[in-house]
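*Asks:* There's a structure below that I have some questions on.
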Amino acid sequence: MKLHGKVAVVTGGNSGIGFGIAEAFKNEGATGTITGRNQETLDRAVQELRPGFIGIRGDVTSGADLEHLFQATFERFGSIDTLVVNAGGIVEGSPMAAIVDVTEEHYDRYMDLKLKSSYFTVQKALPFLSEGASIILIGSSAAHRAAPGMTIYAAAKAAVISLAKGLSLDLLDRKIRVNTLSPGSIDTPVFGKIVPQQQVEQVKQGWKDLIPLGRMGLPAEMGKTAGFARARRRGSAAYPLVLPRRYPQRCLAYPPSAPPNPKVQPVSQGTLPPGYAGCPGSCRKGRTSASTPCGFSSNR
Ligand SMILES: NC(=O)c1ccc[n+]([C@@H]2O[C@H](COP(=O)([O-])OP(=O)(O)OC[C@H]3O[C@@H](n4cnc5c(N)ncnc54)[C@H](OP(=O)(O)O)[C@@H]3O)[C@@H](O)[C@H]2O)c1
């Protein structure tokens with residue numbers, strides 16, 4: 001029971017990675033709060049995390065909701081030892097898309113959810129964090145490499161990773177540590193929010209085919225990784241990549257007319273992950289297809 005007496009807040013703890021982390025913390029004896037907007041999934045998650053965890057409904061893009069979350073957690077449990085800034089996934093009604101299909105509103109909604117909310121979640125939590133607290137931001141392997149149609153998501157996550165470095169310095173005098181976890185593909189309900197339910201397994205298979213291990217990561221594995229990152233002796237760092245994966249990159253690495261890059265080996269007749277629209281290169285013709293031929297994959 002390494003976390004006995006410790007208080008945690010996990011945003012987006014009613015689903016996927018957030019739930020996996022909250023469950024791992026609960027198993028180590030922590031108490032605290034999970035959040036989400038969906039009351040039904042919040043209630044269900046709390047049932048599994050009780051008696052130590054409560055659910056507080058709220059939207060992380062709302063400053064008032066964030067203030068309420070931290071005030072109410074403090075009143076119930078006292079100072080917060082671990083904050084996991086995880087809420088996000090995808091923006092409903094705004095599918096990931098290539099630049100030609102992105103509107104300003106789409107851009108703003110992604111940046112509000114993925115980047116701005118991360119920053120202000122940390123800011124609003126500050127008055128309630130204990131000295132030496134641990135903040136864990138959830139980044140993404142998407143921040144470290146190119147993937148078709150995921151530019152805004154990837155840029156927002158890259159900025160989140162950058163935030164962690166700067167915040168570590170801002171919060172040094174309170175000995176607050178800030179770490180980032182950058183998951184690869186993790187098997188969560190997010191895929192059912194990207195494509196219709198009947199296509200979910202096909203989408204997941206598309207990602208599995210890009211992972212040398214042949215499987216996606218699990219929320220419970222993210223829970224273990226978060227436990228590792230929050231431990232006081234770890235200091236601050238960005239922890240990249242839970243699982244390596246192969247991305248089809250040719251269409252992003254160089255335009256069709258450019259000579260092939262000898263460092264990028266043709267390893268297979270790869271396909272774009274189905275459900276992800278928007279290959280701006282030679283694959284563009286088929287970009288709405290569920291199995292857009294890509295031709296080459298980078299071997300990273
Ligand atoms: N799954 C992956 O492969 C993967 C890979 C890399 C990074 N990530 C990152 O991991 C985090 C969790 O993703 P996931 O895969 O676990 O997705 P998920 O199962 O869809 O969970 C997303 C969580 O965020 C909450 N949320 C979304 N918008 C919110 C808002 N405006 N206010 C409050 N809560 C909100 C959702 O709850 P409500 O819907 O109830 O609000 C839900 O609890 C995200 O930051 C995601 O970008 C995921």
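Under UniProt numbering, the first residue of the sequence shown is numbered 1, with each subsequent residue one higher. Cβ atoms here follow ideal geometry from the backbone N, Cα and C, with glycine treated the same way.
#1: List in chain order: all unbroken alpha helix (DSSP H) runs of 4+ residues lying wholly within the segment 39 to 108.
#2: In its own chain, which residues sit with a C-beta less than 6 angstroms from the C-beta of Glu131, not counting the 5 before and 5 after it?
#3: Please identify the residue among Gly149, Leu171, Ala154 whose C-alpha is closest to the C-alpha of Gln123.
#4: For Arg174, name the three-state secondary structure that DSSP assigns.
#5: Considering only DSSP beta bridges, list what Gly36 is partnered with.
#6: What would DSSP say about Asn14, mapped onto helix, strand or coil?
#7: Rounded to a whole number of angstroms, what is the C-alpha to C-alpha distance between Ala164 and Lys116?
#8: Measuring straight from C-alpha to C-alpha, what distance separates Thr82 and Arg230?
#9: Just checking Leu83 against ligand 1 - is the residue's beta carbon closer than 7 angstroms to any of the ligand's heavy atoms?
#10: Is Cys279 helix, strand or coil when you go by DSSP?
#11: Are the CB atoms of Phe19 and Ala45 within a distance shorter than 8 angstroms?
#12: Between Gly184 and Gln47, what straight-line distance do the alpha-carbon atoms span, to the nearest angstrom?
#13: Using the Cβ count rule (16 or more neighbours within 10 Å means buried), how would you classify Ile99?
#14: Distance, Cα to Cα, Gln197 vs Leu169?
#15: State yes or no: is the C-beta of Thr31 within less than 8 angstroms of the C-beta of Ile56?
#16: For Gly217, write down the residues that DSSP places opposite it in a beta bridge.
#17: Output yes or no for whether 8 angstroms exceeds the beta carbon distance between Val60 and Ile21.
#18: Alpha carbon to alpha carbon, what distance is there between Ser182 and Met222?
#19: What residue from Ala97, Ala24, Ser62 has the CA that sits closest to Arg37's CA?
#20: Among Leu218, Lys224, Gly192, Gly29, which residue has its Cα nearest to the Cα of Val91?
#21: Quick one: using the 10 Å Cβ neighbour count with 16 as the cut-off for buried, is Gly275 buried or exposed?
#22: Measuring from the CB of Ile138, is there a heavy atom of ligand 1 at a distance below 7 angstroms?
#23: For ligand 1, I want to know if Asn14 counts as a neighbour, meaning its beta carbon is within less than 7 angstroms of at least one of the ligand's heavy atoms.
#24: Spatial neighbours of Tyr110 within its chain, please: CB distance less than 8 angstroms, with the 5 preceding and 5 following residues excluded, ordered by chain position.
#25: Measure the C-alpha to C-alpha separation of Ala220 and His144 and round it to an integer number of angstroms.
*Replies:* In short:
#1: 39 to 49, 63 to 77
#2: The beta carbon of Glu131 is closer than 6 angstroms to those of Arg174, Lys175 in its chain, skipping five residues each way along the sequence.
#3: Leu171
#4: Shown here, Arg174 sits in a helix according to DSSP, grouped into three states.
#5: Arg57
#6: The three-state secondary structure of Asn14, taken from DSSP, is coil.
#7: 13 angstroms
#8: 7 angstroms
#9: Not under cutoff, so the answer is no.
#10: Interpretation of Cys279 is limited by its pLDDT of 36, a score under 50 that renders its predicted location unreliable; no figure is taken from the coordinates.
#11: Yes, they are a contact pair.
#12: 28 angstroms
#13: exposed
#14: 43 angstroms
#15: no
#16: Ile186
#17: no
#18: Their backbone Cα atoms lie some 10 angstroms apart in a straight line.
#19: Ser62
#20: Gly192
#21: At Gly275 the pLDDT is 40, less than 50, meaning the model places this residue with poor confidence; the figure from the coordinates comes in the next sentence. Burial call: buried.
#22: Ile138 Cβ: within cutoff of ligand 1.
#23: yes
#24: Val91, Ser94, Ile152, Tyr153, Ala156
#25: In a straight line, the C-alpha of Ala220 is about 23 angstroms away from that of His144.
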